[in-house]
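Below you'll find the structure, written out as structure tokens, and then a few comments.
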Amino acid sequence: MSSNVNDWLNDHGDYLYRFALARLKDTHQAEDAVQETMLAAIKNNSFEGDSSIRTWLTGILKHKIIDIQRKLIREQPISDIIDLDASDESMDDFFDKTGHWLDKPQSFDMPDHALEQSQFLSVLDACMQKLPKKLKAIFMLRDVHEMENENICKELDITPTNAWVMLYRARMGLRKCLEMNWVKG
Amino acid sequence: MLTCKQASQLISQSLDRPLSWYELMQLRLHLMMCGACNRFRKQLNLLLIGLRKIRTNIENNSAIHLPLDAKARIVEKVRSDQQSQ
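From first to last, the protein sequence lines are chains A and B. If you read the first sequence in the numbering used here, its first letter stands for residue 1124, the second for the next number, and so on. If you read the second sequence in the numbering used here, its first letter stands for residue 5, the second for the next number, and so on.
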């Protein structure tokens, strides 16, 4: 059986690793996700001939990625992330008491030039890494993994309102970080 | 009338759920008059496009490999797991 794992890793290991790395942004977590995928694949060999091995393994990997994010989020009660008055108090950095922008959002576009574009993307990437861990985890599931909101709530056992508030905070923080760190050439 | 704060919340939520007819009307009205919230909306769109690009760049980067030591570790882990069963 473990020769199967050898073959799978030879044929699909790099693909699976990149898939996980693109969603977890952490080499160790990505390796773990691939390992858990292999263990699960060997344990209940549910492969059916009507899909490719790669599709089958990727399907398992998707669940493992969610498991890892969920663990990150569950390390602390969800209430710690949302704060008590998340809908109001915690957004004071961005709005005045009457609900107007303190600093009006600036306009910026995706650079056309390849080099500038890759600089822009690396700033965005760095900003994402700066998000609080749990906020980053749910944000990654929604906006990077593009998982349905409904499924995120089910997996993480949170209400849709919680999810909206957290995603809002993550996006607000990210775009602010971009504004501060992306200097147009 | 929506405040910018409320409008920005609706703009973010529109990425996660369908807005009600009433919310959409309110939001459209606000966006007609508010340049700042329009720019905010564009920022969010750009954010999502950027994230998708980062993701596909990694997925398609043939220079990224599962490290050999990780591979060996995984094979070993599967083997020891099977023996312990």
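Glycine is no exception: its CB is placed at the ideal position from the N, C-alpha and C atoms.
(message) For a test of your reading of the model: does the CB of A/Asn1304 fall under 6 Å from any non-hydrogen atom of the ligand NAP? Yes or no.
(response) Judged by which ligands are present, the structure shown has none, so any question about the ligand NAP falls away.
(request) Using the Cα positions of B/Arg43 and A/Ser1241, report the straight-line distance between them to the nearest angstrom. (result) 22 Å
(message) Assuming the contact rule is C-beta atoms closer than 8 Å, B/Cys41 and B/Ile15 should be a hit. Round their C-beta distance to whole Å, please.
(response) 7 Å
(message) Would B/Leu52 and A/Met1233 qualify as a contact pair, given that the criterion is a beta-carbon distance under 7 Å?
(response) no
(request) Just list the beta strand (DSSP E) runs in the region 1241 to 1289 of chain A, keeping only unbroken ones of 3 residues or longer that don't cross its boundaries, in chain order. (result) none
(message) For a quick check, are the C-beta atoms of A/Leu1264 and A/Gln1152 less than 7 Å apart?
(response) no
(message) Against chain B, which members of the region 1247 to 1258 of chain A pass a CB distance test of less than 8 Å?
(response) Leu1247, Asp1248, Met1251
(message) I want to see whether chain B comes within less than 7 Å of A/Asp1266, judged by CB atoms only; does it?
(response) yes
(message) I'd like to check one pair, A/Arg1141 with B/Ile62: are the Cβ atoms closer than 7 Å?
(response) yes
(message) Quick check on A/Asn1285 - is its C-beta less than 7 Å from some C-beta in chain B?
(response) no
(message) So for A/Trp1305, helix, strand or coil by DSSP?
(response) coil
(request) Examine chain E for any beta-carbon lying closer than 7 Å to the beta-carbon of B/Ile58, and answer yes or no. (result) Although the question refers to chain E, the structure presented lacks it and instead comprises the protein chains A and B.
(request) Taking only beta-carbon positions, decide if B/Leu50 is within less than 7 Å of chain A. (result) yes
(message) Cβ closer than 7 Å: which chain A residues qualify as neighbours of B/Leu28?
(response) Chain A residues near B/Leu28: none, gap ~16 Å exceeds 7 Å.
(message) Any beta carbon from chain A within less than 7 Å of B/Ser16's own beta carbon?
(response) yes
(message) Just checking: is the beta-carbon of A/Asp1134 within a distance shorter than 7 Å of some beta-carbon in chain B?
(response) no
(message) Counting only C-beta atoms, is A/Glu1212 closer than 7 Å to chain B at any point?
(response) A caution first: A/Glu1212 carries a pLDDT of 45, below 50, which makes its placement in the model too unreliable to give a value.
(request) List the whole-angstrom C-beta distance separating A/Pro1283 from A/Asn1274, where the pair is believed to meet the contact cut-off of C-beta under 8 Å. (result) Between A/Asn1274 and A/Pro1283 the Cβ distance is about 11 Å, and since that is not below 8 Å, they are no contact.
(request) Would you please verify whether the beta carbon of B/Gln87 is less than 7 Å from any beta carbon of chain A? (result) no
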